[in-house]
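Asks: Chains as they are written, first to last, in the numbering used here: chain A, 527 to 942; chain B, 3 to 281.
Backbone N, C-alpha and C fix where the C-beta goes; we use that ideal spot for every residue, glycine too.
All values derive from a computational prediction rather than experimental measurement.
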Amino acid sequence: MDQPATPNSFRTGPDEQGMFGIFGGRFVAETLMPLILDLERHWNEVKNDPDFKAELTDLSTHYAGRPSKLYFAEGLTKHLREVSSAKGLGGGAKVYFKREDLNHTGSHKINNCLGQILLAKRMGKKRIIAETGAGQHGVAAATVAARFGFPCVVYMGATDVARQSPNVFRMKLLGAEVRPVTAGHGTLKDAMNEALRDWVTNVEDTYYLIGTAAGPHPYPELVRDFQSVIGIEARAQILEQEGRLPDTIIAAVGGGSNAIGLFHPFLDDKEVHIIGIEAGGRGLDGIEHCASMNAGAPGVLHGNRTYLLQNADGQILDGHSISAGLDYPGVGPEHSWLRDSGRVEYVPILDDEALEAFKLTTRVEGIIPALESAHAIAHAVKIVPAMDKDQIVIVNLSGRGDKDVHTVASMLGMEI
Amino acid sequence: MVTRIDRRMAKLKAEGRPALVTYFMSGDPDYDTALSIMKALPKAGADVIEMGMPFSDPMADGPAIQAAGLRALKGGQTLVKTLQMAADFRAGDNETPIVLMGYYNPIYIYGVDRFLRDAIASGIDGLIVVDLPPEMDEELCIPALKAGINFIRLATPTTDDKRLPKVLQNTSGFVYYVSMTGITGSALADTGKVAAAVKRIKGHTDLPVCVGFGVKTAEQARIIGANADGVVVGTAIVNAVANVLGPKGEKTADPAEAVATLVSGLSQGVRSARLAAAE
Chain A
527 MDQPATPNSF
537 RTGPDEQGMF
547 GIFGGRFVAE
557 TLMPLILDLE
567 RHWNEVKNDP
577 DFKAELTDLS
587 THYAGRPSKL
597 YFAEGLTKHL
607 REVSSAKGLG
617 GGAKVYFKRE
627 DLNHTGSHKI
637 NNCLGQILLA
647 KRMGKKRIIA
657 ETGAGQHGVA
667 AATVAARFGF
677 PCVVYMGATD
687 VARQSPNVFR
697 MKLLGAEVRP
707 VTAGHGTLKD
717 AMNEALRDWV
727 TNVEDTYYLI
737 GTAAGPHPYP
747 ELVRDFQSVI
757 GIEARAQILE
767 QEGRLPDTII
777 AAVGGGSNAI
787 GLFHPFLDDK
797 EVHIIGIEAG
807 GRGLDGIEHC
817 ASMNAGAPGV
827 LHGNRTYLLQ
837 NADGQILDGH
847 SISAGLDYPG
857 VGPEHSWLRD
867 SGRVEYVPIL
877 DDEALEAFKL
887 TTRVEGIIPA
897 LESAHAIAHA
907 VKIVPAMDKD
917 QIVIVNLSGR
927 GDKDVHTVAS
937 MLGMEI
Chain B
3 MVTRIDRRMA
13 KLKAEGRPAL
23 VTYFMSGDPD
33 YDTALSIMKA
43 LPKAGADVIE
53 MGMPFSDPMA
63 DGPAIQAAGL
73 RALKGGQTLV
83 KTLQMAADFR
93 AGDNETPIVL
103 MGYYNPIYIY
113 GVDRFLRDAI
123 ASGIDGLIVV
133 DLPPEMDEEL
143 CIPALKAGIN
153 FIRLATPTTD
163 DKRLPKVLQN
173 TSGFVYYVSM
183 TGITGSALAD
193 TGKVAAAVKR
203 IKGHTDLPVC
213 VGFGVKTAEQ
223 ARIIGANADG
233 VVVGTAIVNA
243 VANVLGPKGE
253 KTADPAEAVA
263 TLVSGLSQGV
273 RSARLAAAE
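1. Name the residue from B:207, B:181 and B:47 whose alpha carbon lies nearest to the alpha carbon of residue 196 (chain B).
2. With H, G and I counted as helix, E and B as strand and the rest as coil, what does DSSP make of residue 152 (chain B)?
3. Leaving aside the five residues before and after residue 602 (chain A) along the sequence, list all residues of the same chain whose C-beta is less than 7 Å from its C-beta, in chain order.
4. Is residue 214 (chain B) a contact residue of the ligand FMN, with contact defined as CB to any heavy atom under 6 Å?
5. Below 7 Å between beta carbons: does that hold for residue 85 (chain B) and residue 268 (chain B)?
6. Are the Cβ atoms of residue 609 (chain A) and residue 895 (chain A) separated by less than 7 Å?
7. Express the C-alpha separation of residue 669 (chain A) and residue 591 (chain A) in angstroms, rounding to a whole number.
8. Do the stretch 92 to 100 of chain B and the stretch 130 to 143 of chain B make contact, defined as three or more Cβ pairs closer than 8 Å?
9. Anything in chain A within Cβ reach of residue 68 (chain B), meaning under 7 Å, just list it in chain order.
10. Between residue 827 (chain A) and residue 782 (chain A), which are expected to be in contact by the criterion C-beta below 8 Å, what is the C-beta distance as a whole number of angstroms?
11. Give the secondary structure of residue 527 (chain A) by DSSP, where H, G and I count as helix, E and B as strand, and everything else as coil.
12. Buried or exposed: which applies to residue 52 (chain B), given that a residue is buried once 16 or more other Cβ atoms fall within 10 Å of its Cβ?
13. Of all the options A:902, A:815, A:557 and A:756, which has the alpha carbon lying nearest to the alpha carbon of residue 628 (chain A)?
14. Applying the criterion that 16 or more other CB atoms from any shown protein chain within 10 Å of the CB defines a buried residue, is residue 242 (chain B) buried or exposed?
15. At what residues does the beta strand (DSSP E) containing residue 805 (chain A) begin and finish?
16. Could you give the distance in angstroms between the alpha-carbon of residue 904 (chain A) and the alpha-carbon of residue 882 (chain A)?
17. Exposed or buried, what is residue 119 (chain B) when buried is set at 16 or more other beta-carbons lying within 10 Å of its beta-carbon?
18. At least one CB of chain B closer than 7 Å to the CB of residue 556 (chain A): is that the case?
19. Can you pull the chain A neighbours of residue 156 (chain B), defined as C-beta to C-beta under 9 Å?
20. What first and last residue would you give for the alpha helix (DSSP H) that runs through residue 558 (chain A)?
21. Compare the Cα-Cα distances from residue 545 (chain A) to each of B:141, B:235 and B:63 and report the closest residue.
22. Specify, as a first and last residue, the run of the alpha helix (DSSP H) that residue 83 (chain B) falls within.
23. Quick one: any contact between the stretch 858 to 869 of chain A and the stretch 549 to 566 of chain A, if contact means 3 or more CB pairs under 8 Å?
24. Check whether the Cβ atoms of residue 177 (chain B) and residue 151 (chain B) lie closer than 7 Å to each other.
25. Counting Cβ pairs, one atom from each stretch, are 3 or more of them under 8 Å apart for the stretch 914 to 926 of chain A and the stretch 744 to 764 of chain A?
26. Anyone know if the C-beta pair for residue 77 (chain B) and residue 32 (chain B) falls short of 7 Å?
27. Is the distance from the Cβ of residue 680 (chain A) to the Cβ of residue 697 (chain A) below 7 Å?
28. Quick check: the stretch 244 to 258 of chain B against the stretch 216 to 223 of chain B, are at least 3 beta-carbon pairs closer than 8 Å?
29. Name the chain A residues that come within less than 7 Å of residue 135 (chain B), Cβ to Cβ?
30. Below 8 Å, how does it come out for the stretch 869 to 876 of chain A and the stretch 788 to 807 of chain A: are there three or more Cβ pairs, yes or no?
31. Report yes if the CB atom of residue 595 (chain A) is closer than 7 Å to the CB atom of residue 625 (chain A), and no otherwise.
32. Just verifying my parser: in three-state terms, what is the DSSP assignment at residue 830 (chain A)?
33. For the 8 Å Cβ check, are there 3 or more pairs between the stretch 554 to 569 of chain A and the stretch 841 to 848 of chain A?
34. Go through the stretch 209 to 279 of chain B residue by residue and report every complete run of the alpha helix (DSSP H) that reaches 4 residues or more, in order.
35. Under a CB-based cut-off of 7 Å, is residue 825 (chain A) close to chain B?
36. Taking C-beta to C-beta, are residue 631 (chain A) and residue 666 (chain A) nearer than 7 Å?
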C-alpha cells in the first residue's frame with residue numbers, strides 16, 4: 527500500500543464520512559445507522575456550543591477535580607538516573623506523570639463520561655448502556671448515570687467480572703446493573719458485542735456510552751475530544767513548569783482513549799516524540815497479547831476499520847493481557863492512522879515488564895498505578911536511562927491501581 | 003442483468019405466492035452435514051437459500067445464530083469452504099438462488115475483487131452484509147453490482163421515509179425488511195405493523211419485499227406472507243439443527259431431515275398465504 531503523503535496537520539481528522547485515511551467509518555447494521563446519524567447531528571451542535579462547554583467545564587472542575595496535576599516524578603527520575611549511571615551513561619531524563627489517577631472515580635474515564643452524559647441528556651435519552659473491560663469505564667459510566675439520574679446497564683465480560691471484582695461492586699453500589707457476558711473469552715470484545723445487541727434492540731430510548739475512542743463515527747472523534755483535556759492541560763502545564771515542550775510523551779493503548787487524549791494536542795508539535803504502548807502480554811510470537819498494531823492487520827469490527835488481531839479467515843482473535851483494560855483485539859481508528867502515517871510510534875510491553883513497573887512506581891513514588899498505566903511507565907523505564915538529563919518525558923498515569931491489587935497479588939503468588 | 007433471484011421472484015409472482023427464504027449456517031455443525039442441509043432446503047419447499055457465513059463476532063445476531071456460527075468455526079468452516087459448499091450445491095441445482103449473509107471482515111480479508119470473482123464462479127447470486135450500510139457502498143455494494151451480484155439491503159423500523167430512498171438506492175434482488183429492532187431470533191413483531199411497513203417500502207420501490215426476524219411457524223409464515231413477497235426464516239432452522247445435536251455436538255438424529263420437516267411445514271404456510279390475504 528502507498529504511504530499517504532505527510533499531511534500539513536495531523537489534527538484535522540476525521541473527514542465527513544468519519545474516516546482517518548482508510549480507518550474509521552460507519553460499519554454498523556442499518557438499524558443503528560439512524561441513531562449514529564442523530565448522534566452526529568447532536569454532537570456537531572454541541573461541540574462548539576459555549577453553554578455545553580461551560581457546563582462540562584464546571585462539572586470537570588467541581589465534580590471530577592480537574593485540572594489534573596502534572597507531577598514531577600522525582601523518585602522515579604532519581605531511580606532511573608542511578609540506572610543510567612550504573613550503565614555508564616550518566617543521563618536520565620526528567621519524568622513527569624499526568625495524574626489522571628487523581629480524578630474522581632480514579633481514572634481518565636470520567637472525562638469522557640461527563641461529556642457523553644451531557645450529550646445523552648440533550649438528546650432526551652432515558653437509559654444508559656456501557657461496556658467495560660477493567661471496570662474503570664463501567665464505574666465512570668455508573669457514576670455519571672447516578673449523578674444525572676439515569677438507569678444504567680453495564681456489559682462486562684465474565685472473565686473481567688472475576689478479575690475486577692472491586693469495580694463490579696462499585697458499579698452495583700452506584701445503582702448500575704452489571705450484566706456478565708460469557709460469549710468468547712468473556713472480555714471487553716464480547717462485552718462490546720453485547721452492548722451493541724442491546725442498543726440495536728432498544729433504539730428508541732437508549733444512549734450507548736462507549737468508553738474508548740473506537741466504534742462507528744462519530745464516537746472516535748467525540749471521545750477523543752472529551753479526552754483531549756488531558757493533552758491540552760499537560761501541554762500548558764509543562765510550558766509553565768519547564769518553559770518548553772517535552773521531548774517524549776508516552777501512554778498505554780487499549781482502545782486508546784487516554785492515549786489519544788494526551789497525544790492529540792501534541793500531534794503538530796513535530797519535535798515531540800509520541801509513543802503508544804500496546805499490551806505485549808506473554809510475547810508477540812504467539813497469540814497471547816493484544817498488540818493489534820504491531821502484530822495485527824487492518825480489518826472491520828465494532829463499527830470501524832482499524833488494526834485487529836485476526837486469523838487468515840478474518841475471524842477475530844481474543845488476545846491476552848494482564849491488564850483487563852488493554853485486553854481488546856482492536857484499537858481506535860485514529861491510532862491506526864497515526865501508526866501508518868508514522869507520526870506515532872507504537873511499541874509492545876510485556877505483562878512481566880508492566881508488573882515490574884507497577885512494583886517500582888509503588889515503591890519509589892508511593893503511587894499505585896493501574897496496570898494499564900504501568901505499561902506506559904515500563905516503557906519510560908526502558909528509554910529514560912539512555913536519554914539526557916535535560917530531556918523531559920511525560921507519562922500518562924491514566925488510572926490508579928487499587929482495582930488491580932488482587933491480580934498483582936495472584937501474579938506474585940500471594941493471597942490477600 | 004437478470005439474476006437467479008430476479009427470475010425466481012418473477013416466477014413466484016406469476017404463481018401468486020410469496021417466496022420462502024431459508025437461512026442456514028454454512029459449516030454447522032460440519033461441512034458435509036451443512037451441505038446435506040443445503041441440498042434438502044429446495045426439496046422441502048425453500049425458494050431462496052441464504053447461506054450464513056460464520057463470523058466470530060456476530061453483533062446483530064441473537065444467541066441461536068451466534069452459537070451456530072461458533073459451531074461452524076469450530077468445525078473448521080472458512081469463507082473458502084463456504085464458497086466451495088455453494089459450488090458443490092450448484093453442481094446439482096442451477097436454479098435455486100443463493101444469497102450469502104454475514105459480516106464484512108471475512109470478505110475484506112479475503113479481498114473484495116477475489117471474493118466477487120470466486121463468488122460468481124461458485125454460483126452466488128446475492129449478498130447480505132449486515133455491517134455495510136449505504137454510507138459504505140464503495141466498499142462492496144458497488145463492486146458487487148458491477149460484477150453482477152445482487153446486493154440486498156436490510157430496511158428496519160428505524161429506516162424512516164427520509165432515509166428509505168438512500169437504503170434502496172443500490173439495492174437489487176429484493177429488499178429484506180427486518181420486522182423489528184433487535185437481534186435475530188427475537189419474538190415476532192406485531193403483524194399489522196409489519197403489513198403497514200411493507201406497504202410503505204413498496205411505495206418507494208418495485209423490488210420484492212421479503213420480511214424476516216421472528217418467523218418460526220407455518221402459521222406465522224402464512225400471516226406474514228399475506229402481505230410480503232417473501233418470508234425469511236433463519237433462527238428456527240438453526241434451532242432445528244441445534245436440537246438434534248447432543249451436549250458434545252454429536253448428532254442424535256439427522257439434521258437435514260429435521261430441517262426438511264420444519265421447512266416443509268413453513269412451505270405449506272407460504273403456499274396458503276394469499277388465501278389468508280383473501281379471507
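Replies: Straight from the coordinates:
1. Of B:207, B:181 and B:47, the residue nearest in Cα terms is B:181.
2. Strand.
3. Apart from the 5 residues on each side of it in sequence, residue 602 (chain A) sits with its Cβ closer than 7 Å to the Cβ of 621, 887, 890 and 891 in its chain, given in chain order.
4. For the structure depicted, the ligand FMN is absent and the ligand set is empty, with no information on it obtainable.
5. The answer is no: Cβ separation not under 7 Å.
6. Result no, Cβ atoms of residue 609 (chain A) and residue 895 (chain A) do not sit closer than 7 Å.
7. Cα-Cα distance, rounded: 14 Å.
8. No, the stretch 92 to 100 of chain B does not touch the stretch 130 to 143 of chain B.
9. Under the 7 Å cutoff, chain A gives 709.
10. Contact between residue 827 (chain A) and residue 782 (chain A) is ruled out by a C-beta separation of about 14 Å, above the 8 Å threshold.
11. The pLDDT assigned to residue 527 (chain A) is 46, lower than 50, so where the model puts this residue is not dependable; a value taken from the coordinates is nonetheless given after this. Correct three-state label for residue 527 (chain A): coil.
12. It is buried - the Cβ of residue 52 (chain B) has at least 16 other Cβ atoms within 10 Å.
13. Just measuring C-alpha positions, the residue of A:902, A:815, A:557 and A:756 sitting nearest residue 628 (chain A) is A:756.
14. By the neighbour-count rule (16 or more Cβ atoms within 10 Å), residue 242 (chain B) is buried.
15. First-last of the beta strand (DSSP E) with residue 805 (chain A): 799 to 807.
16. The straight-line gap from Cα to Cα measures roughly 8 Å.
17. Counting Cβ neighbours within 10 Å, residue 119 (chain B) comes out exposed, since fewer than 16 surround it.
18. Yes, residue 556 (chain A) counts as interfacial toward chain B.
19. For the C-beta of residue 156 (chain B), the chain A residues within less than 9 Å are, from N- to C-terminus, 555, 556 and 557.
20. Careful: residue 558 (chain A) lies outside any alpha helix (DSSP H) and carries neither H nor E.
21. Closest by alpha carbon: B:141.
22. Run containing residue 83 (chain B): 81 to 92, per the alpha helix (DSSP H) assignment.
23. These segments touch.
24. Not a contact, by the Cβ cut-off of 7 Å.
25. Note that the stretch 914 to 926 of chain A touches the stretch 744 to 764 of chain A; at least 3 beta-carbon pairs, one per stretch, sit closer than 8 Å.
26. A contact, by the Cβ cut-off of 7 Å.
27. With respect to residue 697 (chain A), residue 680 (chain A) sits close: the two C-beta atoms are nearer than 7 Å.
28. At 8 Å Cβ cutoff, the stretches do not touch.
29. Close to residue 135 (chain B), with beta-carbon spacing below 7 Å, are these residues of chain A in chain order: 552, 554, 556 and 559.
30. They touch, by the three-pair rule.
31. It is a contact, given that the beta carbons lie within the stated cut-off.
32. Here residue 830 (chain A) sits in strand by DSSP.
33. Judged by Cβ distances under 8 Å, the stretch 554 to 569 of chain A makes no contact with the stretch 841 to 848 of chain A, as fewer than three pairs qualify.
34. List check, alpha helix (DSSP H) in window: 220 to 227, 237 to 245 and 257 to 273.
35. Closer than 7 Å: yes.
36. It is a contact, given that the beta carbons lie within the stated cut-off.
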